[in-house]
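The structure under discussion appears below in the form of structure tokens.
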Amino acid sequence: MPNDDNIFERLEGFRIDLDGRFEWSLRLTADQATVRDNVVFWLDAGVTPAHEPGALPFTSLLEQVGSPSAIRNIWEARCRCCLHQGLGFSASGANDWRLYLHRQSKPFYGDEYTVYHWPPRPWQQATRYSFFFFPETPSGETPENWIHPALQPVYRKLQSEELFQAISGFWFRRNHAGVDQVCLSFPWQPAVQTYLGVLKGFVTNADARKVLKRYASHHFRHLTFATSRQQTPTLTLYFSGTPGKRPRNMEELQRAVQVDARRCNKLLQAGLPSINISERESAERLDSFYTPGDIDVWSKALGRDMHYHFGLFTEEDDLEDIWNDAPFERGVNELIPYIPAGSSVYDLGCGWGGPAAYLAKAHGCGVTGITASRAQFRYCDALGLKCRYGDMETTLPPGRFDILLMLESLEYVEDKASLLKALRQFGSRLVLRTHCQEGAADGTAFNGTMHLVSAQELKALLQACGWKITHWSNRREASMPTVEIWHKRLCTIPPQNDEHFEAWRRFCSKIICCPEEWASFHPLIEVVAEPDLGAPPTPTP
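Taking the numbering used here as reference, the numbering of the sequence shown is continuous, increasing by one, and the terminal residue is 553.
Okay, here's the thing in structure tokens:
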């Protein structure tokens, strides 16, 4: 029989398949470095207890660790709507248990962890964790606004790194009194050694530094910061991984997590393309250009759903009805054959969120957008759309997606080759529609923010970057009435103190003078492509 004083022996004795992720943590203060007694076992949730595989083991585990029936009833009632579930326990064998339920509520940033403790009796401590991509929340908050003053040097050092800015994000933990913890995410799971110098700058006690150095080769996933509301500044490193077999003690758990985290780190680092933020100077220019003078004016010009892209027209469309949004919805809907229902979609250059909202509502897609405009970022967030504020050339997609969507946004990318090479690592299919320019004329447009290439150059570029083209079509003819519609709408709006809006007006006015000639030199190319498995791999940093 297992020893009841050893929680790991108890778990071994349950004979339950524990294929989830274990997490342990190291807490740092200026004077101490302490391995915390708290261990959490995480498992994907959202399962139906009676029918889905994997459900029975977790409910059995709850029963066998002695959870009250009230806890098991809560799990049965709520596990279906959870993303993850966790069992927290004391590594020392103390009778201290916790059930973690992780749900995601709308708007999409609302990740809520609820913790249930026992014994002596079940009680609930609800804490809300909200996730954001760097650099800021839609309301303009940054981690620096909340982190304890004594920990600011650590944060500033971490935040300045290019990979961190390109791929990471942060969580705010809130309770009834406000933000009480800031958590930085490190999806590539770096070794503590990478940041040992900056951590030692905070941990000044010699014995504490020795403990910290002992774990220098371990790879961590999260780093939490105490806020200015806490009296004692603390940092907590969280280590997580999936052991090959169930650990029998804390040391074995740490070793197993270390092996798995190191493996994940190597895999991710090998696949990450190079990013050089220091070479990019146009991001601020794009943000300035896309900062609107009056959002209501844009809403009037673009229509209810703010589709800022060319529509696709049919003979049945009444061009006298300039406020008809159907052709603009059709511009998205005609991509549906290439975007399976329920797909995960990364919308690069999502604009005001018109296509993202359509795909989410009408097609059940999980859409994450990115825009270089702070105003568009905040507008999309207000709609409940998942969006990040950043430059698509200096950030990386937050994970792998079924679909990488670029609806009239590739034009704004200067280094198209680098982006297209990088995207191969993050998507199963690329769906794009982009304006091209034939002839020897200067390819810049829209006050220098657009960088056009010819259709032939686009095809060669995609193939050279490792994409296999499965669909290619010029949609210019069906899209041309867009310019007339936009021109008529803009004529109802007086001149604005808005560089972008007036550039759009001039763009339409120029085309309306010679529409056939402009169309002949500016194809609107629609492309579907998939990563060419036979192409050479993207160079890594």
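Glycine residues also receive a C-beta, built at the ideal position from the N, C-alpha and C atoms.
ask   = residue 418 by DSSP, collapsed to three states: which one?
value = strand
Endpoints, alpha helix (DSSP H) assigned at residue 308 = 307–314
request  = Tell me, please, which residues DSSP counts as bridged to residue 468.
outcome  = BP columns for residue 468 are empty, so no partner.
message = For the pair the segment 38–45 and the segment 243–262, tell me if three or more CB-CB distances fall below 8 Å.
response = yes
ask   = Cα separation between residue 550 and residue 462?
value = Any reading at residue 550 needs caution, since the residue's pLDDT is 44, under 50, leaving its predicted position unreliable; the model's value is listed next. Approximately 26 Å between the Cα atoms of the pair.
query = Which term fits residue 433, buried or exposed, when burial requires 16 or more other beta carbons within 10 angstroms of its beta carbon?
reply = buried
For residue 243, the three-state DSSP class (helix, strand or coil) = coil
task = Run the CB neighbour count on residue 216, radius 10 Å, all protein chains shown included, and call it buried at 16 or more, exposed below.
result = exposed
key: Three or more C-beta pairs below 8 Å linking the segment 499–506 and the segment 336–343   = no
query = Buried or exposed: residue 277, going by 16 or more other Cβ atoms within 10 Å of its Cβ?
reply = buried
message = With distance defined between alpha-carbon atoms, name the residue in 458, 269, 407 nearest to residue 512.
response = 458
query = For residue 310, which residues from the same chain have a beta carbon less than 6 Å from its beta carbon, with the 5 sequence-adjacent residues on both sides left out?
reply = 304
message = DSSP has residue 382 in a bridge; who is on the other side?
response = 360, 400
ask   = In the structure shown, what three-state DSSP assignment does residue 534 receive?
value = coil
request  = Name the residue from 164, 56, 107 whose alpha carbon lies nearest to the alpha carbon of residue 115.
outcome  = 56
task = Check the DSSP bridge columns for residue 248 and list the partner residues they point to.
result = 39, 236
inquiry  = Does residue 333 come out as helix, strand or coil in the three-state DSSP assignment?
reply    = coil
Beta-carbon separation (whole angstroms), residue 45 vs residue 220, contact threshold 8 Å = 4 Å
Residue burial classification, residue 380 (beta-carbon count within 10 angstroms, cutoff 16) = buried
query = Which of helix, strand or coil does DSSP assign to residue 185?
reply = strand
query = What does DSSP give as the partner residues of residue 486 in its beta bridges?
reply = 537
key: CA nearest to the CA of residue 446, picked from 104, 264, 535   = 535
ask   = Using a Cβ-Cβ distance under 9 Å, would residue 526 count as near chain D?
value = No chain D is present in this structure, which holds just one protein chain.
ask   = In three-state DSSP terms, what is residue 462?
value = strand
ask   = Nearest-angstrom Cα distance between residue 537 and residue 479?
value = 16 Å
query = Short check: CB of residue 283 to CB of residue 437, under 9 Å?
reply = yes
message = So for residue 139, helix, strand or coil by DSSP?
response = strand
key: residue 45 - partner residues in DSSP beta bridges   = 40
message = Check for me: the beta strand (DSSP E) holding residue 50 runs from which residue to which?
response = 50–56
inquiry  = residue 421 and residue 361 - do their beta-carbons sit closer together than 9 Å?
reply    = yes
inquiry  = Please report the straight-line C-alpha distance between residue 159 and residue 179, rounded to a whole angstrom.
reply    = 21 Å
inquiry  = Under DSSP, the beta strand (DSSP E) around residue 190 begins and ends at which residues?
reply    = 190–197
task = Specify the secondary structure class of residue 495 as computed by DSSP and reduced to three states.
result = helix
inquiry  = In this structure, how does DSSP classify residue 436 when only helix, strand and coil are distinguished?
reply    = coil
Best match in 264, 260, 273 for proximity to residue 251 [C-alpha to C-alpha] = 273
query = Taking the C-alpha atoms as reference points, what is the distance between residue 172 and residue 182?
reply = 14 Å
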